[in-house]
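Here is the structure we will look at, set down as structure tokens.
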Amino acid sequence: MHIIITDAWLAKSKALHLSGLKLALTGVLASLLLMLGAVAAYHWVFLHGVRQGWPGFESVARIVTQGEVDSKDLYMRENLSAMARKLGEMQARMMQIQSLGERVAGLAGMKPEEFKALPGSGGALVSGREPTLDELMKAMDQLDRASGAGVDWLTVIESRLFDQRIQQTLVPTEEPVSGGRIGSPFGFRIDPITGRTALHTGLDFPADIGTPIVAAAGGVVVVQDLHPAYGNMVEIDHGNNIITRYGHTSKVFVKKGDIVKRGQKIAEVGSTGRSTGPHLHFEVWVSGVVQDPARFLAAGETLAAAQLVQPGPRRKP
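For the sequence shown, the residue numbers in this note's numbering are 2 to 318.
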């Protein structure tokens, strides 16, 4: 195919020779350009018509976008269903936490009925519509408030249990000489030195010299001195007006002002002071009145036995 191009201004002409392949490529290129132009024009006219509200364009826009709207609606419903299931699982877990909190509150000596993070609910299952987004948001807000209240209440319970544990560690229930037998008990007896009836104000634990002596409870050493009757003596203040006294020791490993823990070695058995042989003289004072230490040690044994037989968590069948 021959094409002659003539330029009248320059009085020139130019001949183009197009083969069949070039002619086909030219036609394809022209068709593509025409299609792109038509699509661009349609898109511009369609958008302009929808924005300007031209008659007929709104219905066409609804038809064109209906598939997209349906797809988004399906996606939203699926997500709402997933959120509803997750919310149900969270509520069930919250009920389990509430039940556990009630039991722990009872152990802490608090009223279990006060631990009500979620109100009771139930009833027969009747299928209905899927929850809306607003309903899910309200339910999640309620769950969030309930979980916050539950955390606050569990914090109170933890604090109460911690206080109880501290109180237990400050009560002299630990045997000061491990496995030691008791010699002279608390009460009136024949004094081994004078041979007369006298009040024995503590418990005697006969043991070899050098046998470890441990603190019956945690506290602060308030006295560490050489006493004419008690010999090398240690006194520990446990708070709540409770003081323990350890007498006739051979060696002392604490000093006044030291903080000691329950079961910590504080001295060794000896026979210093008014003593007829190696032993520990152990006393308990409450509000300035001497008490029978055996009652405190028996309470410690009872507590230890209760902890040993306490049942563990139930296993699911």
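Yeah, the Cβ is synthetic: ideal placement off N, Cα and C, and Gly gets one too.
Note that the structure is predicted; figures quoted are calculated from it, not measured.
In the DSSP assignment, what are the bridge partners of residue i?
i	result
R246	E236, E284
E213	Just to set this straight, residue 213 is Pro in the shown sequence, not Glu. Beta-bridge pairing links P213 to E269.
G188	H201
G220	V261
L227	N233
V172	For V172, which the question treats as bridged, DSSP gives no partner whatsoever.
P207	H280
Q92	DSSP output for Q92 lists no bridge partner at all.
Q292	V285
V253	A268
Assuming residue i and residue j are in contact, meaning their beta carbons sit under 8 Å apart, how far apart are those beta carbons, in whole angstroms?
i	j	result
A217	E175	5 Å
G274	G232	3 Å
V235	V255	6 Å
A147	L88	About 12 Å; that fails the 8 Å criterion.
I194	T250	Rounded, the Cβ-Cβ distance is 19 Å, inconsistent with contact.
L162	G102	The Cβ separation is near 12 Å, so there is no contact.
So the candidates are the options; which of them puts its Cα closest to the Cα of residue i?
i	options	result
P213	M36, L137, T273, H280	H280
V1	D238, M138, T133, A85	Examination of residue 1 is not possible in this model, given that the chain is present from 2 through 318 alone.
L200	E284, T156, A140, S288	E284
K252	Q225, R296, G278	Q225
V152	T133, F189, W286, Q99	Q99
E1	H282, K262, V222	Since the displayed the chain opens at 2 and closes at 318, residue 1 lies outside it and no answer follows.
S185	T170, V178, D205, D192	D205
G188	T250, G28, P294	P294
L134	Q92, A83, A106, E90	A83
L81	Q97, L137, G274	L137
D145	G271, R197, R94	R94
V261	T250, G220, R296, L162	G220
T170	A300, L30, L35, L26	A300
K257	H249, S272, L227, W154	L227
L298	G180, T198, G248, A230	G180
I158	L26, P177, A106, A150	A106
P177	G149, G38, R246	R246
I183	R197, T198, G203, G196	G203
Indicate whether the contact test is met: 3 or more Cβ pairs, each with one atom in the stretch 284-294 and one in the stretch 254-266, closer than 8 Å. no
At a cut of 8 Å, does the stretch 239-246 reach the stretch 189-197 through at least three beta carbon pairs? no
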